[in-house]
Every structure is written in C-alpha cells, then in structure tokens.
Amino acid sequence: QSASKTLDKYALFVPKTGVFPKGYEVASLASGVKKNNALDLGIIRNVNKSRKSSAAAVFTTNRFKAAPVQFSRKVLDATSGEGIDAIVVNSGCANAVTGELGLQDAGKVATQVNELIGEKNSTLLMSTGVIGQRLQMDKITGGIQTLFGQNKFSSDFDSWLKLAKSICTTDTFPKLISAKFSLSDGTEYTLVGISKGAGMICPNMA
Amino acid sequence: TLLGFIVTDLPIKSSALQTMLTGAVTRSFNCISVDGDMSTNDTICMLANGAVDTPVIDESSSDFKKVSSQVTEFSKQLAQLVVRDGEGATKFVTVNVKNSAEFKDARTIAETIANSMLVKSALYGQDANWGRILCAIGYSKLGNYESLDESKINVSFIATDNSTPRELKLIANGVPQLDIDESRASEILSLSDLEVLVDLGTGSEDCQFWTCDLSHEYVTINGDYRS
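First to last, the sequence lines map onto chains Y and F.
Using the numbering used here, the first residue of the first sequence is number 5, and each one after it goes up by one.
Using the numbering used here, the first residue of the second sequence is number 104, and each one after it goes up by one.
What follows is the structure in structure tokens.
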C-alpha cells in the first residue's frame, strides 16, 4: 500500500506559466476521435517569414513503421529539412499497421494543411493511440478545417498547454517545458518542448 | 508511444539541427524505458524558424556546442517527464552506469536493468532484492566483456533525499555485501525517486538511463487498452 502512495504529478510537473519562441502559433481541439470529448488534434505552425525554417527528426527503428512516420520521413528527405512550417499531431488513433490506405490518409491530412498554409511539402505528422485502426478522416479533416476556418491559433500559455494535452493518450499529465537561453553574444532565444508517453516506451530512434 | 517536439526561434542550418537533435536524443529519449516495448510511431522532431535576428548557426559556429548541450538537457527533462508518468508508475528510477570501457556497453547494461520485470517488481514492492540487478547485468547482451569485469564491479543504492549514508553498497569490487543494513535499504527504497549506481571500473564512459517500477496498475491499464 505504501508503495502505491499517489503523487500529485499534475501539481508537481505541469507548469502554470511559460515562455514561448517567436513566430509560432498553436491550436488544438476535440475532433471526436477520443471519447469523452477530450482534446485529440493539435497543430503547431511557424508564422515567421524572415527566413526559411529548419526541421530535423528522429523516428522509431521498429520495422513496422506507422504511416505518419513513413510520411514525415519522406517529407524531410524531399525538403532536406527546409521550409517545414507545420506539425499536425493526433491522438486516439496511431494510423499504424494500416498499410497503403493509412499512408493515403496521412497524405490527405498533410495536403489539407499544406493548402491551408499556402505551402508545399511543409507539414509533418505525428499520431498515437490504438494500432490497427484507420484514421477517422471526417473528424480529422473537419477538425483541421475548424482550426483554420475559425482561426483558433494563438501563442499564449493556455494554447500551448492545450496542445500538450491534445497528444496525450494514457498520460496522466501534459508534458510541457519552456525556457529562455542566451548565445555567447547575449542574444536571447527560447526553447519549448512537448512530449507524451506513458506506455509502449522503450525508444531507440534514429 | 513516445512523441515529442522541441521548437526554437533560433536560425539553425537544417543539417546542424539534425546533428544537434540526434546527439540530444542519444542521451535522453533513447535512454528511457517504461515497459521495454518500442512503438511503431515513436517520433521526436525539432523546428527552428529563425525568428531571432542573429546569424544562422551551423556546426562550425562557436555557439553550436553550447546550444547543443542546452537542447540535450532540455530533452532529458522532457524524456524524464515521460518516465515519471509511466503507466502505473510509483517510482522514478535513475540507473547510473559509469566508468565503462564503452558507452554502448554502459547503455546496454543500463537498459537491461531498466527492462528487467523482476528488478521493476522488486522496486515497486520496495524489496532490496539487489541480486536481480546483478542478474540483469549478467545477461546483458554485450558484444564482449571488455566493459564488464566481475572483479571490478560495484553496485549501490543511492539515497535521493540527501539523507546519509547516501550510498548503500550492495557489491564492492565484485564481492557481494551479504550483511547489508536492511532497514537503511528500506528507507532508501521507500522514496519515490530511486537511483541504482553501477560502477564498472573498466573505463570512463557513462550512461544515465531512466525507468519506473512495474505495478499492478500497469497490467490493469494494458489489459483492456482498446476499450
């Protein structure tokens, strides 16, 4: 019994404020894929136009890579990591072990966002949740349309925290950290990080 | 599944960003385990949009190393939050393997300890069954025994609350300490943060790995995941 004394992990590990990098906006909503109207779709987009953005990624080395992993790898290969301006995350359905149809679904999601931000090959995808089920495309594409159509994007703390919640599955708290740093000439810059995971966790990404 | 992204307003050349991220993940997200299962979806990505008005950072920049180490520390924090939230977890466990001839051996040994169901169950039950730690070290899939010399290995529990004695020696230079202070062991294992220290004494490479205990709740959650 003493071993299972519960820590209030939310109070311990979830921040109440944050500092966020310039030129990014985020949005999230409950598209209906997850039960109980939980947040399950999020988008982070780069709105800075002073120069092209850079992107990098590492992916699972599991032989049966999910559709979003295969798709995102192709995008990074095709662009050499330049000009990536959006990341779409969905939870509740992993779009994994879904074969050619899963890849097509992933492509449709990315194409919709690329068109909405006026770019080509500019969107990465991440999915998590039940394996072996296809994306409920009506809910996902409808949710994306709502986020852009009603311009739900913002850069405030609450929007970033909701984005962190939208990628959770069996997590008991959202994982969001942010901090400011300085370069050697005193120039200030910001890092923000979001992660999720609670089970099926022993990554060996490359 | 592990998903995550790190986002910055620095301008960083994409090839340098990939080097930075890969290096950070090697010491953070690739050094965690909740249950030993590797997902089909694991993805960590990093975006740098260059909104800060400063010269683009590439691998020859004087700030490349500094920014890389900041990204690595940041990634460790994010990775550790995932372990702290491990399904059913009641203990956050740091497995510190140090003084190894090879980093890859230190990582293999740390990961093997971290993935041992028997070690994780004992930590959940606060049972100082340290023989299981040595057993896990013994079956680690090492290419050779250059890093693992039975006569030089030291294994300890480390108190994470600054109480003393901080270190409880379980094996000293390959000799099992059969008369350990069981009440001290129970005190250390009752903490929610635990540290297992393995000093291989064969080199200078270190690996920190993070895991959690294995509880009844883990089985409950995963027994009917799809519903």
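The C-beta atom is built at its ideal place from N, Cα and C for all residues, glycine as well.
As the structure is a computational prediction, the values presented were derived from the model and not from experiment.
Grab me the residues of residue i's own chain with a C-beta within less than 8 Å of its C-beta, minus the 5 sequence neighbours each way, in chain order.
i, result
"I121/Y", "R49, D89, A90 and T127"
"V128/F", "I147 and S178"
"W164/Y", "G22, F24, V30, L180, S182, V196 and I198"
Give me the Cα-Cα distance between residue i and residue j, rounded to the nearest whole angstrom.
i, j, result
"S6/Y", "N265/F", "Reliability of the predicted coordinates at S6/Y is poor, the pLDDT of 46 falling under 50, and the value obtained from them is presented with this limitation in mind. Taking the straight line from one Cα to the other gives about 21 Å."
"L292/F", "K38/Y", "38 Å"
"V113/Y", "T132/Y", "15 Å"
"P268/F", "D282/F", "16 Å"
"K244/F", "I212/F", "8 Å"
"K116/F", "P158/F", "10 Å"
"G190/Y", "R187/F", "34 Å"
"S118/F", "P279/F", "49 Å"
"K201/F", "L303/F", "6 Å"
"Q375/F", "C238/F", "In the structure as shown, chain F starts at 104 and stops at 330, and residue 375/F therefore has no counterpart that could be examined."
"A182/F", "T176/Y", "15 Å"
"Q180/F", "F108/F", "13 Å"
"N125/Y", "T115/Y", "8 Å"
"D230/F", "A202/Y", "24 Å"
Along the chain, where does the alpha helix (DSSP H) containing residue i start, and where does it finish?
i, result
"K235/Y", "Past the boundaries of the shown model lies residue 235/Y; chain Y is included only from 5 to 210, so the question cannot be answered."
"R49/Y", "Where R49/Y is concerned, there is no enclosing alpha helix (DSSP H), although the beta strand (DSSP E) it sits in stretches over L45 to N50."
"Y193/Y", "Careful: Y193/Y lies outside any alpha helix (DSSP H), inside the beta strand (DSSP E) at E192 to K200."
"I240/F", "G234 to Y242"
"E249/F", "That residue, E249/F, is in no alpha helix (DSSP H); it is neither H nor E in DSSP."
"V79/Y", "A71 to T83"
"L151/Y", "M141 to G153"
"Q108/Y", "G103 to I121"
"D1/Y", "The requested residue 1/Y does not occur in the structure, where chain Y is confined to residues 5 to 210."
Give every residue of the same chain whose Cβ lies closer than 6 Å to the Cβ of residue i, excluding the five residues on either side of it in the sequence, and list them in chain order.
i, result
"Y321/F", "E190 and G191"
"K169/Y", "L43 and P178"
"W233/F", "L273"
Counting along the chain, where does the beta strand (DSSP E) carrying residue i start and finish?
i, result
"M130/Y", "T127 to V134"
"S259/F", "N257 to I261"
"S158/Y", "It is not in any beta strand (DSSP E) - S158/Y carries neither H nor E in the DSSP assignment."
Please list, in chain order, all residues of the same chain as residue i whose beta carbon is under 7 Å from its beta carbon, the five residues on each side excluded.
i, result
"D166/F", "I160"
"P72/Y", "N99, A110, L129, M130 and S131"
"S136/F", "E214, A217, N218 and T314"
"D145/F", "T104 and L105"
"A70/Y", "A98, N99, A100 and S131"
"F161/Y", "T21 and G22"
Please classify residue i as buried or exposed, where buried requires at least 16 neighbouring CB atoms within 10 angstroms.
i, result
"G241/F", "exposed"
"R130/F", "buried"
"D142/Y", "exposed"
"L16/Y", "exposed"
"A61/Y", "buried"
"E285/F", "exposed"
"L105/Y", "exposed"
"R210/F", "buried"
"K166/Y", "buried"
"S171/F", "buried"
"E192/Y", "exposed"
Subject >> Residue ranges of each beta strand (DSSP E) within the segment 116 to 192 of chain F, 3 or longer >> reply: 146 to 151
Subject >> Minimum length 4: unbroken alpha helix (DSSP H) runs contained in the segment 13 to 68 of chain Y >> reply: 13 to 17
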